[in-house]
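Per my numbering, the sequence shown runs over residues 1 to 100.
This report concerns only the one structure given below.
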Amino acid sequence: EADLPLSSVLDAFTEMSKFYEKKMPAEVFKTHFKPSLDALVSQLLDIQKEYVAEEKSPRPVLSEVTFEPEPDSRTLTPLLVDITTMGDKLPGVAAWNKKA
């Protein structure tokens, strides 16, 4: 969520890898650090591929979303509870209660 290009992150990982290759014992670098870093880079590239594919897929236009003829009671219940518990504090509720 940092809005940082992946190429910048990968460049930073490359430089970090070069730094640690010089500073770490060769065996530790080759058996622990490098494989872990390569796995992380692979995961980031996979995530980027999924993101690009998702961005290319068409999204439904609001006007194309079908109308729900019989609303789900789970969506109406909280609204009705709010209306009945708020009483006259909500605009128009008093007039609505008089009609009922």
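Cβ coordinates follow ideal geometry from the N, Cα and C atoms, glycine included.
Inset, instruction - Return the first residue and the last residue of the alpha helix (DSSP H) that L37 is part of. - result: Your numbering for residue 37 matches position 37 in the sequence shown. First-last of the alpha helix (DSSP H) with L37: 34 to 56.
Legend entry - C-alpha distance - L37 paired with F13, whole-angstrom precision: As a first step, residue 37 is located in the sequence shown; it is residue number 37 there, counting from the start. As a first step, residue 13 is located in the sequence shown; it is residue number 13 there, counting from the start. The straight-line gap from Cα to Cα measures roughly 8 Å.
Legend entry - Supposed close pair L44, V81 - CB separation, criterion 8 Å: To locate residue 44, count along the sequence shown from 1; it is residue 44. To locate residue 81, count along the sequence shown from 1; it is residue 81. Going by Cβ atoms, the distance from L44 to V81 rounds to 45 Å, so no, they are not a contact pair.
Inset, instruction - Tell me whether D3 sits in a helix, a strand or coil according to DSSP, three-state version. - result: For the purposes of this step, residue 3 is taken as the residue at position 3 of the sequence shown. DSSP, reduced to helix, strand and coil, places D3 outside both helices and strands of the structure shown, so it counts as coil.
Legend entry - K34 beta carbon less than 8 Å from that of S17: Counting from 1 along the sequence shown, the entry for residue 17 is found at position 17. Counting from 1 along the sequence shown, the entry for residue 34 is found at position 34. Result yes, Cβ atoms of S17 and K34 sit closer than 8 Å.
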